[in-house]
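Q:
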Amino acid sequence: MGSQALGSPAEAADSIKSTAPRRTGRGPVRPRPWIMAALFAGAWVVPVLTQLSRTDPLLVLLVVFGTGGLVRAGSTIVDRLFITVGLLIGLAIVGGLLFSLWPFGLAPIALGGVALTLLVAAYLWLGAPPPWHGWPRRMLGSDAVLLLGGIAGFLVAYWPSWSTVAGSKLGYAGMTGDRLRHFSLFDAIHRYGGYTFLMQGKVKNVVDPGVLAVYPPGQHYLYALADIFLRSRVDPGNAASEMVRYNIWVSIGYGFMIASVAWAARWVAGPMLKGWRRVFLTTAIAAYLFAGAFTEAVWSTWDPQVVSMAQIAILAAICFRPPPGWRLHAALMALLFVAVCLTYELYAPFAAILIAVSLVYHRKRLLPHWKALLAVTVVAIPAAASEYIAAKHAGLNASSAVQATGFTIPISWLVMTMLAAFGLLGFATRSARRRPSAVVGLIAGVLSTLAVLAMMAYMFDTIGAVSYYYWKVVEAWAVILMVGAGSFGHLLRRPRLAVSGWKGFGIGVCAFLLAIGVTRSFWWSTVLNKVAAPANAANSATQWQPGTGATWASTWMADRIAPDNIAVLGGLQHDHLLISEVPTVTVIYTDALSNVNMTLQLAVLNQRAGTMSSIIYGSSTDTYRGLNSSDHLVCAGQNGAAWSAQDLKNLAEFEAGLKAVGEPVRVVVATQQLAQKLEAWGAQNPGAIYDVVALTQFPPVC
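Terminal number for the sequence shown in UniProt numbering: 702, no gaps in between.
#1: Less than 8 Å between the CB atoms is what I'm expecting for ILE312 and PHE337, so what's the real figure, rounded?
#2: Report the start-end ranges of each alpha helix (DSSP H) in the segment 192-226 that is 4 residues or longer and not cut off at the edges.
#3: How about VAL665 and PRO563: are their beta carbons less than 8 Å apart?
#4: Tell me THR555's beta-bridge partners as DSSP assigns them.
#5: At what residues does the beta strand (DSSP E) containing TRP643 begin and finish?
#6: In whole angstroms, what is the alpha-carbon distance linking PRO686 and LEU658?
#7: Quick check on ALA683: buried or exposed, where buried means 16 or more other Cβ atoms within 10 Å of its Cβ?
#8: Ordered along the chain, which non-local residues of its own chain (more than five positions away) have a Cβ less than 8 Å from that of ILE561?
#9: When burial is assigned at 16 or more other CB atoms within 10 Å of the CB, is GLN219 buried or exposed?
#10: Report yes or no: do the segment 193-208 and the segment 235-244 share at least 3 C-beta pairs separated by less than 8 Å?
#11: Is it right to say ALA454 is buried, meaning 16 or more other beta carbons lie within 10 angstroms of its own, or is it exposed?
#12: If you reduce the DSSP assignment to three classes, tell me which class ASN536 lands in.
#13: Would you mind sorting GLY506 into buried or exposed? The rule is 16 or more other CB atoms within 10 Å of its CB.
#14: Report the residue from LEU106, GLN545, ILE689, ALA334 whose alpha carbon sits nearest the alpha carbon of SER358.
#15: Quick check: residue 746 and TYR347, are their CB atoms within less than 8 Å of each other?
#16: For ARG363, which option in CYS319, PHE229, ALA287, LEU59 has the closest C-alpha, if you only look at C-alpha atoms?
#17: Looking only at its chain, what residues have a beta carbon closer than 6 Å to the beta carbon of SER437, apart from the 5 residues adjacent to it on each side?
#18: Under a Cβ-count criterion, where at least 16 other Cβ atoms within 10 Å of its own Cβ denotes burial, should THR301 be classed as buried or exposed?
#19: Assign ILE409 to buried or exposed, taking buried as 16 or more other Cβ atoms, counted over all protein chains shown, within 10 Å of its Cβ.
#20: Locate the beta strand (DSSP E) running through TRP544, then write down its first and last residues.
#21: If we ignore side chains and look at the alpha-carbon of each, how far apart do GLY571 and PHE183 end up?
#22: Would you tell me roughly how many angstroms separate the C-alpha atoms of ARG23 and ILE411, rounded to the nearest one?
#23: Report yes if the C-beta distance between PRO103 and LEU59 is below 8 Å; otherwise report no.
#24: Expressed to the nearest angstrom, what Euclidean distance is found between the alpha-carbon atoms of GLY253 and LEU633?
#25: Grouping DSSP H, G and I as helix and E and B as strand, with all else coil, what is ASN685?
#26: What is the rounded straight-line gap between the Cα of MET1 and the Cα of ARG278?
#27: Is DSSP giving THR24 helix, strand or coil here?
#28: For the segment 542-556 against the segment 513-532, are there 3 or more C-beta pairs whose distance is under 8 Å?
#29: Look at ALA550 and SER521 and say whether their C-beta atoms are less than 8 Å apart.
#30: Would you kindly report the start and end of the unbroken alpha helix (DSSP H) that includes THR283?
#31: Under 7 Å Cβ to Cβ from VAL71, same chain only, skipping five residues before and after it: list those, please.
#32: Output the distance between the C-alpha atoms of PHE186 and LEU52, rounded to the nearest integer angstrom.
#33: Report yes or no: is there a C-beta of chain B within less than 8 Å of the C-beta of MET309?
#34: Any contact of the segment 389-409 with the segment 459-477, i.e. 3+ C-beta pairs under 8 Å?
#35: Run through DSSP, which three-state label would LEU577 get?
#36: Buried or exposed: which applies to TRP276, given that a residue is buried once 16 or more other Cβ atoms fall within 10 Å of its Cβ?
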């Protein structure tokens with residue numbers, strides 16, 4: 001079978017077939033000047049035509065196709081595609097720093113013109129053949145697994161949103177406060193054309209102040225960019241439809257993450273892993289990711305984390321098994337490092353570990369070009385640190401933030417033990433220890449494990465428990481170990497089985513089904529056992545488990561984990577109260593948090609998340625001002641009962657929050673008695689209340 005090393009005969013031949021540049025002995029052959037001029041002119045004519053015809057998706061395909069023709073890494077179509085997409089994600093995120101400052105924003109003509117101009121220049125400078133000569137034409141049977149894994153991930157993520165119940169699509173699209181804040185960033189980038197931390201003055205009234213400068217906007221920027229080119233317009237249109245589209249992009253992103261991790265493991269395994277073993281590896285990884293505990297990233301709305309895990313997977317693949325050519329190797333590492341930092345900076349240490357190990361192990365191919373590497377580093381590090389610097393300037397306390405506790409589903413110790421065991425057992429034979437990709441994977445895996453253990457020790461030393469963010473770190477660690485899982489594949493028995501034809505297809509299907517069974521990624525039940533954790537537990541989800549025959553995916557798809565605001569959103573939509581020029585506050589629920597989230601949803605739908613922050617979150621001197629004091633306000637005065645002193649105090653705090661908004665506010669309440677109190681107060685405080693609307697079809701349960 002041969003070695004998996006980049007320089008081994010098997011892999012070298014595989015690489016040469018698809019990556020060797022076609023040049024004459026005299027250097028690059030360039031066309032005549034008038035042809036070059038026509039190509040540069042066409043680089044701007046094409047975006048104009050696609051914009052006029054509303055076909056900008058064709059422009060994206062052209063950029064991907066053209067870039068892939070230059071990449072020259074990967075001997076199959078799918079390998080080339082993932083490396084190209086990883087490169088373009090990095091370039092787009094780095095380019096966002098420029099696009100945030102120039103006057104054109106994210107206009108497709110400007111972005112498309114620049115992208116095609118750079119592509120034309122690269123082809124002419126390198127003397128490369130046309131892209132249709134540069135792309136490989138091979139496909140593998142396991143490509144179907146990657147496609148199915150991506151589709152399965154999308155379907156799992158979006159499944160509950162197919163509901164036709166009024167308000168359900170918006171309910172699932174904005175099912176948590178975090179999701180609403182993520183949408184706030186997406187919407188602002190879409191409308192204003194750049195990173196929010198670089199244009200805070202423009203977007204401060206639109207974006208939730210909690211994420212304006214302190215949250216990395218890379219994922220939101222990528223989705224906004226994709227939405228702009230898909231629709232061929234910068235204006236996002238109706239905000240409710242925009243929020244539903246954002247949920248679709250989030251679901252696509254989850255599918256992309258699954259496909260990326262499975263592909264990365266296949267890439268690292270290399271040509272050594274063939275036939276049914278390759279199908280088994282990719283299926284096992286994809287199946288676990290779409291059915292297991294990772295699905296919490298969907299319903300806990302960890303949108304940036306999902307995209308960053310895809311970036312980490314592609315980066316790990318490139319670091320473990322570099323593509324031919326030091327330039328592409330260095331460029332991918334630098335660009336993906338910046339992408340991780342601007343998407344989810346919690347994973348930056350993992351990215352740094354991967355790059356450091358790859359640089360040290362492959363120093364003989366990289367260090368001779370130290371001047372170029374130094375220049376790349378000088379550009380990449382400030383770009384990667386730009387958002388973190390802005391966050392620190394805005395008051396971010398990283399140590400306090402990382403110690404936060406909250407609801408999160410931990411990965412089981414069995415899964416973590418198996419992942420670690422696979423990584424170590426892969427080195428049981430001498431041939432595995434001779435493969436550079438396996439050695440780099442082992443070293444990076446060990447260092448990543450030490451980083452996770454160090455974080456655990458820090459958590460127990462400071463707060464006496466692991467934090468909310470600890471389990472997010474563990475998931476990135478698991479992704480890195482999954483990517484290196486190919487080192488375990490050579491231990492699978494290798495009977496001489498057909499790898500092509502109908503027999504090969506049948507054997508591949510059997511391997512596919514075996515992987516589904518081994519990872520327990522099938523279900524016949526949707527039961528979710530929500531066992532309450534101890535009252536003093538740092539994480540209230542530690543006792544949650546799918547029932548017998550169920551998986552995390554099946555419980556989510558069956559609405560066992562659902563938002564509680566669907567009916568109210570349907571009522572607001574029916575009464576035309578969702579989209580309004582008047583800032584709107586809701587006091588419909590008995591608990592303050594639900595009132596906060598419902599008001600936040602209306603605020604982000606109307607580009608007022610910044611304006612409404614004083615009533616949503618209170619003030620720095622009085623955290624109970626505004627909606628934080630709305631607990632049980634809808635229960636006060638029921639059945640003619642007198643308002644208690646605590647009820648009146650809460651009402652006064654709420655009214656102070658209304659006045660702090662600074663403009664007339666519409667208040668939507670669930671009871672007539674609260675409406676009457678607010679109307680009377682509004683009459684005494686002109687300019688504070690626009691009107692009061694009673695949605696009495698949602699009586700509170702007191």
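In this text, a Cβ means the ideal position worked out from N, Cα and C, and glycines have one as well.
A: The relevant details are as follows:
#1: What you label residue 312 is simply residue 312 of the sequence shown in a count that begins at 1. What you label residue 337 is simply residue 337 of the sequence shown in a count that begins at 1. Rounded, the Cβ-Cβ distance is 10 Å, inconsistent with contact.
#2: 200-203
#3: In the sequence shown, residue 665 corresponds to position 665, counting from 1. In the sequence shown, residue 563 corresponds to position 563, counting from 1. Not closer than 8 Å, so no.
#4: Translated into positions along the sequence shown, residue 555 becomes position 555. None, per the DSSP bridge assignment.
#5: Walking along the sequence shown from the start, residue 643 turns up at place 643. Counting along the chain, TRP643 falls outside any beta strand (DSSP E), and DSSP gives it neither H nor E.
#6: As a first step, residue 686 is located in the sequence shown; it is residue number 686 there, counting from the start. As a first step, residue 658 is located in the sequence shown; it is residue number 658 there, counting from the start. Answer to the nearest angstrom: the Cα atoms are 12 Å apart.
#7: Reading the sequence shown from its first residue, position 683 is the one you call residue 683. That one is exposed.
#8: Here residue 561 corresponds to residue number 561 of the sequence shown, with the count starting at 1. Same-chain partners within the cutoff: TRP299, LEU528, THR555.
#9: If you number the sequence shown from 1, residue 219 lands on position 219. Classification of GLN219: buried, given that the 10 Å Cβ count is 16 or more.
#10: no
#11: Here residue 454 corresponds to residue number 454 of the sequence shown, with the count starting at 1. ALA454 should be labelled exposed.
#12: The residue you call residue 536 lines up with position 536 of the sequence shown. Coil, per DSSP.
#13: Position 506 of the sequence shown, counted from the first residue, corresponds to residue 506. When all chains shown are included, GLY506 counts as exposed.
#14: Mapped onto the sequence shown, residue 358 falls at position 358. Comparing Cα positions, the closest option is ALA334.
#15: Since the first and last residues shown for the chain are 1 and 702, residue 746 lies out of range.
#16: Here the question's residue 363 lines up with position 363 in the sequence shown. For the residues CYS319, PHE229, ALA287, LEU59, the minimum Cα distance to ARG363 belongs to CYS319.
#17: Indexing the sequence shown from 1 puts residue 437 at position 437. Cβ neighbours of SER437 beyond the five flanking positions: GLN4, VAL268, PHE320, ARG321.
#18: Taking the sequence shown and counting its residues from 1, the one referred to as residue 301 is at position 301. Classification of THR301: buried, given that the 10 Å Cβ count is 16 or more.
#19: If you number the sequence shown from 1, residue 409 lands on position 409. Buried is the call here.
#20: Residue 544 sits at position 544 when you count from the first residue of the sequence shown. From DSSP, the beta strand (DSSP E) with TRP544 extends over 544-546.
#21: On the sequence shown, residue 571 is found 571 positions in, with the first residue counted as 1. On the sequence shown, residue 183 is found 183 positions in, with the first residue counted as 1. Straight-line Cα distance between these residues: approximately 22 Å.
#22: For this step, residue 23 is matched to residue 23 along the sequence shown. For this step, residue 411 is matched to residue 411 along the sequence shown. Reliability fails at ARG23, whose pLDDT of 46 lies under 50, so the model's placement of it is uncertain and the value that follows must be treated cautiously. Between ARG23 and ILE411, the C-alpha separation is close to 51 Å.
#23: Here residue 103 corresponds to residue number 103 of the sequence shown, with the count starting at 1. Here residue 59 corresponds to residue number 59 of the sequence shown, with the count starting at 1. No, Cβ-Cβ distance for PRO103 and LEU59 is not below 8 Å.
#24: Taking the sequence shown and counting its residues from 1, the one referred to as residue 253 is at position 253. Taking the sequence shown and counting its residues from 1, the one referred to as residue 633 is at position 633. C-alpha separation (whole angstroms): 40 Å.
#25: What you label residue 685 is simply residue 685 of the sequence shown in a count that begins at 1. Three-state DSSP puts ASN685 in coil, outside helix and strand.
#26: Mapped onto the sequence shown, residue 1 falls at position 1. Mapped onto the sequence shown, residue 278 falls at position 278. For MET1, the predicted structure reports a pLDDT of 35, less than 50, and the residue's modelled location is therefore unreliable. The matter cannot be settled from this model.
#27: Here residue 24 is taken as the residue at index 24 of the sequence shown, counted from 1. Legend: pLDDT at THR24 = 46, less than 50; position of this residue unreliable, value from coordinates given subsequently. Strand at THR24.
#28: yes
#29: Counting from one through the sequence shown, the residue named residue 550 turns up at place 550. Counting from one through the sequence shown, the residue named residue 521 turns up at place 521. No, Cβ-Cβ distance for ALA550 and SER521 is not below 8 Å.
#30: Here residue 283 refers to the residue found at position 283 of the sequence shown. 275-291 is the span of the alpha helix (DSSP H), which, as asked, contains THR283.
#31: In the sequence shown, residue 71 corresponds to position 71, counting from 1. For VAL71, where only same-chain residues beyond five positions count, the Cβ hits under 7 Å are ARG80, ILE83, THR84, LEU87, LEU328.
#32: Here residue 186 corresponds to residue number 186 of the sequence shown, with the count starting at 1. Here residue 52 corresponds to residue number 52 of the sequence shown, with the count starting at 1. Whole-angstrom Cα-Cα distance: 25 Å.
#33: You won't find chain B in this structure, because it holds only one protein chain.
#34: yes
#35: Residue mapping note: residue 577 aligns to position 577 of the sequence shown, counting from 1. Of the three classes helix, strand and coil, the one that applies to LEU577 here is coil, per DSSP.
#36: Taking the sequence shown and counting its residues from 1, one reaches residue 276 at position 276. Answer is buried; the Cβ neighbour count reaches 16.
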